[in-house]
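Quick notes on the structure that follows.
Numbering (UniProt numbering), first residue to last: 1 to 164.
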């Protein structure tokens, strides 16, 4: 199935205008992650990764994350653009999520400033916000993109989109 990009309106970005390979940008948008009644992460010093067909993935500096709720796992992976990453479980009170966060521990040269920043799977969190707008998680259970009203698709992640 070939995607039919949605034309962006003024003030919107199309994921089909994002680059491949991916690009890293600083963002001063207010980012917030809530899980089990606490603000797990909040920053206006985040980073976002932009890649063709994907909504942005937001990353939080470690000083703006309640890292005491993150549990390093033995699961890791490799992104062809960004490098090697480590998964983290999240535990707040009695609620426990497997592989709900990740961070790059050996990034490629273009993504070295992303090292040790944390990203969260928005579909697993209670809520994620960009500038007080509730995020819609990227479709599927692998990608961690954050969809907001200023981002248009269609987005990779749904069945039939694997080779986009």
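Quick reminder that beta carbons are idealized off the backbone N, C-alpha and C, glycines included.
Predicted, not measured: the structure shown is a model, and the values here were computed from it.
Check                                                                                                                                                              : Outcome
Taking just the CA atoms, how far does residue 162 sit from residue 20?                                                                                            : 15 angstroms
Around the Cβ of residue 45, are there at least 16 other Cβ atoms within 10 angstroms (buried) or fewer (exposed)?                                                 : exposed
Would you identify the three-state DSSP class for residue 107, choosing helix, strand or coil?                                                                     : strand
Helix, strand or coil for residue 114? Go by DSSP, reduced to three states.                                                                                        : helix
With burial defined as no fewer than 16 other Cβ atoms inside 10 Å of the residue's Cβ, what is the status of residue 156: buried or exposed?                      : buried
Assuming residue 32 and residue 39 form a contact by the criterion Cβ under 8 angstroms, report the distance between their Cβ atoms to the nearest whole angstrom. : 6 angstroms
Let me check understanding here. Comparing Cα to Cα, which of 28, 128 and 53 lies closest to residue 37?                                                           : 128
Quickly, what does DSSP pair residue 77 with across the bridge? List them, please.                                                                                 : 85
Give the DSSP bridge partners of residue 71, in chain order.                                                                                                       : 89
Alpha carbon to alpha carbon, what distance is there between residue 6 and residue 150?                                                                            : 12 angstroms
Buried or exposed for residue 186, going by 16 or more other Cβ atoms inside 10 Å?                                                                                 : Residue 186 is absent from the model: the chain starts at 1 and stops at 164.
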